[in-house]
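Protein chains in written order, with this note's numbering: chain A, 1 to 243; chain B, 244 to 454. Please read the structure below before turning to the comments.
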Amino acid sequence: MENKAVIEISHLYKSFGTVDVLKDFNLNLFEGENLVLMGKSGSGKSVMIKCLVGLMEVDKGSIKVLGKDISKLKQNELDELRTDIGFLFQGSALYDSMTVRENLEFPLRRHSHNSEKKTEALVKEALDNVGLPDTIDLMPAELSGGMQRRIALSRALILKPKIIIYDEPTTGLDPITAKEIILLMMNIQKKYATSSLIITHDVDCARVISNRMILLLDGKDYAEGSFNDLAKSDDPKIKAFFK
Amino acid sequence: MGNKSLLLVSVTGFILGLVFTLQSRPTLMEFGAVSWMPSMISISIVREIGPVIIALICAGRIGSSIGAELGSMKVTEQIDAMEVSGTNPFKFLVVTRILAATCMLPILVIIGDFVALIGSAIIENTKGDVSFLLYFNQVFEALEFTDLLPATIKTFFFGFAIGLVGCFKGYNSKKGTAGVGKASNSAVVFTSMLLFVLDFIAVFITDIFYN
Ligand SMILES: Nc1ncnc2c1ncn2[C@@H]1O[C@H](COP(=O)(O)OP(=O)(O)OP(=O)(O)O)[C@@H](O)[C@H]1O
Ligand SMILES: [Mg+2]
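This is the structure in structure tokens:
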């Protein structure tokens, strides 16, 4: 099933001073798939997705999201496009001076002119999706790491984005909580038919969730294929990922 | 950030008034000029010492907390999260804080000045025998519009500087928790220096205008 590409990254270069982080990186995300990107710590995965949503400027190369070249967009067009992208940050990134409710309302306020009732309903739905309806009036600091991650997930989903980007959704969580998060991600995928780009070190997570994988090595998209194909590879550099 | 600063400013102002009056008394007595106390104290506090001391206190209190807050929002990617959800974090976080600091400081300075004068009046009332009424009568006689106006205008700039530097340091803080500490620390250090420079400029300009 070769679908339409919702993200097309071609020949991406990015360096910080003398450190070249990305050197000719390519990636396509097709509609409806779960693409897993694996790479060592510090290989530039977070940098890549920050370029992807326009948080960082690229040095060279082109990034198209839903057919639009993000470097050519004006600020308001970029903001508009961002409503179609859900972003789960590596450290959850909940606003710690706001309650869970305010955290979830934040993206709604800025983007859509919903009535108060509709906002309330959306917040409830988002919290039900992650199984935490009782946390609505708590502060992020009162939640465990796993709960924070789930709230962050529900915040990323609240605008019903077409694309979701997960930056290490299971890092720092115990295996059981990690599994819960993975299950949640899969449910959401089924329920809303989103396309997902998942960044992870976690081989188990990759096995369960991926339709396709890309390995990021030396700043390039070193290898691509299904989990099983890559896991069977003889290339020692690829093998190192699956140990 | 308001009510805790209020307490801090009041306590500082009060002690300032007490100490300043106690210290000046012997000298003024030597010259037989204790009756000048209210006018001397009020002019020096309102024109100079009040604004500067209270701005410094607020640089420590408000500037550092803005620096630390924005710094930790930066390093925990909260600022990035705002940006990807389509909110301009600069408007949402920075502009509001600078505005708040700019409006807050003049009010805090006026309160601080007033409490300092109360402190001073208490000393005069107990050590000398100046009634509160007489004391404040003399204060208002001594103070002129030309003392109040420039002193108040410069406090707006002080407030602006405190907010601006705090936000700038926080917003540009480096990765990691060490970065947050550094951001809030250098916000205070830099603001304190800047306050003296601004004060010098303000005094300089006032001098040109009135002389
Ligand atoms: N703002 C920045 N300024 C300078 N260098 C940076 C910046 N952001 C990232 N880097 C560098 O880019 C490289 C890649 O960082 P990145 O955060 O993308 O790694 P990562 O693949 O996400 O790793 P991890 O799995 O640990 O999250 C690192 O060497 C890092 O030092
Ligand atoms: Mg990362």
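Quick reminder that beta carbons are idealized off the backbone N, C-alpha and C, glycines included. Note that the coordinates shown come from a computational prediction; the quantities given were computed from them, not determined experimentally.
So the candidates are the options; which of them puts its Cα closest to the Cα of residue i?
i      : options                        : result
R101/A : R155/A, I165/A, D221/A         : R155/A
C205/A : S195/A, E120/A, M185/A, K191/A : M185/A
H201/A : G146/A, F242/A, K64/A          : F242/A
E320/B : L143/A, L88/A, D137/A, K239/A  : L88/A
K162/A : N28/A, D229/A, T83/A           : T83/A
K160/A : V295/B, A298/B, F379/B, S328/B : S328/B
P349/B : I396/B, S278/B, M272/B, I448/B : I396/B
D244/A : P133/A, K237/A, I9/A           : Because residue 244/A is not part of the residues shown, which for chain A are 1 to 243, the question remains open.
I211/B : T389/B, V382/B, L351/B         : Since the first residue of chain B shown is 244 and the last is 454, residue 211/B is not available in this structure.
T345/B : S248/B, I405/B, L437/B         : I405/B
F106/A : S267/B, A324/B, A302/B, A364/B : A324/B
S196/A : L138/A, L73/A, E31/A           : E31/A
V446/B : G402/B, T398/B, S435/B, V432/B : T398/B
F227/A : S15/A, K50/A, N211/A           : N211/A
G461/B : L437/B, G355/B, G371/B         : Since the first residue of chain B shown is 244 and the last is 454, residue 461/B is not available in this structure.
K179/A : S71/A, E57/A, R207/A           : R207/A
V289/B : A394/B, I305/B, L249/B, Q266/B : A394/B
Q189/A : E116/A, T177/A, F16/A, L157/A  : L157/A
S62/A  : G42/A, N103/A, K45/A, H11/A    : H11/A
M316/B : S435/B, A426/B, I300/B, C301/B : A426/B
I181/A : I136/A, F16/A, M98/A, I209/A   : I209/A
S267/B : S429/B, I300/B, L438/B, E367/B : E367/B
A152/A : K117/A, D96/A, K191/A, K118/A  : D96/A
L29/A  : K72/A, G44/A, I165/A, K191/A   : I165/A
T119/A : N103/A, D79/A, S15/A           : N103/A
I305/B : G402/B, L261/B, V423/B         : G402/B
V432/B : M272/B, A302/B, V337/B, L259/B : A302/B
Quick one: is residue i buried, meaning 16 or more other Cβ sit within 10 Å of its Cβ, or exposed?
i      : result
T234/A : Contrary to the premise, residue 234/A reads as Asp rather than Thr in this sequence. D234/A comes out exposed.
G54/A  : buried
I292/B : buried
F400/B : buried
K418/B : exposed
S144/A : exposed
F263/B : buried
A421/B : exposed
N129/A : buried
N454/B : exposed
D229/A : exposed
D167/A : buried
T18/A  : exposed
P75/A  : Looking at the sequence itself, residue 75/A is Gln, so the reference to Pro does not match. Exposed, by the Cβ-count rule.
A141/A : exposed
P455/B : With chain B running from 244 to 454 in the structure shown, residue 455/B is simply not present.
V440/B : exposed
K334/B : exposed
M147/A : buried
N3/A   : exposed
F257/B : buried
I444/B : exposed
A298/B : buried
Using DSSP's beta-bridge definition, name the partner residues of residue i.
i      : result
I176/A : In the DSSP output, where bridge partners are listed per residue, I176/A has none listed.
R207/A : R207/A pairs with nothing; no bridge assigned.
R212/A : L35/A
S196/A : N34/A, I164/A
E8/A   : N28/A, K64/A
K14/A  : L22/A
E86/A  : According to the sequence as given, residue 86/A is Gly; it is not Glu. According to DSSP, which records beta bridges pairwise, G86/A is partnered with I164/A.
E224/A : I214/A
D69/A  : K64/A
Touch test, the region 168-176 of chain A against the region 12-28 of chain A, Cβ-Cβ under 8 Å, three pairs minimum: The region 168-176 of chain A is not in contact with the region 12-28 of chain A.
Sufficient close CB pairs (3 or more, under 8 Å) joining the region 110-129 of chain A to the region 86-95 of chain A: Taking 8 Å as the limit for Cβ pairs, the verdict is that the region 86-95 of chain A does not touch the region 110-129 of chain A.
Looking at C-beta atoms only, is the number of pairs between the region 201-219 of chain A and the region 31-41 of chain A that lie closer than 8 Å three or more? Contact holds between the region 201-219 of chain A and the region 31-41 of chain A, because three or more Cβ pairs, one in each stretch, are under 8 Å apart.
Spell out a yes or no on whether the region 408-416 of chain B and the region 305-313 of chain B are touching, meaning 3 or more CB-CB pairs, one atom from each, closer than 8 Å. At 8 Å Cβ cutoff, the stretches touch.
Neighbouring residues (CB closer than 5 Å to any heavy atom of ligand 1): In chain order, the qualifying residues are F16/A, V21/A, S41/A, G42/A, S43/A, G44/A, K45/A, S46/A, V47/A.
Below 8 Å, how does it come out for the region 349-360 of chain B and the region 280-288 of chain B: are there three or more Cβ pairs, yes or no? Short answer: they touch.
Three or more C-beta pairs below 8 Å linking the region 261-281 of chain B and the region 368-386 of chain B: The region 261-281 of chain B is in contact with the region 368-386 of chain B.
Closer than 8 Å is the cut-off here; do at least three beta carbon pairs connect the region 327-343 of chain B with the region 368-384 of chain B? These segments do not touch.
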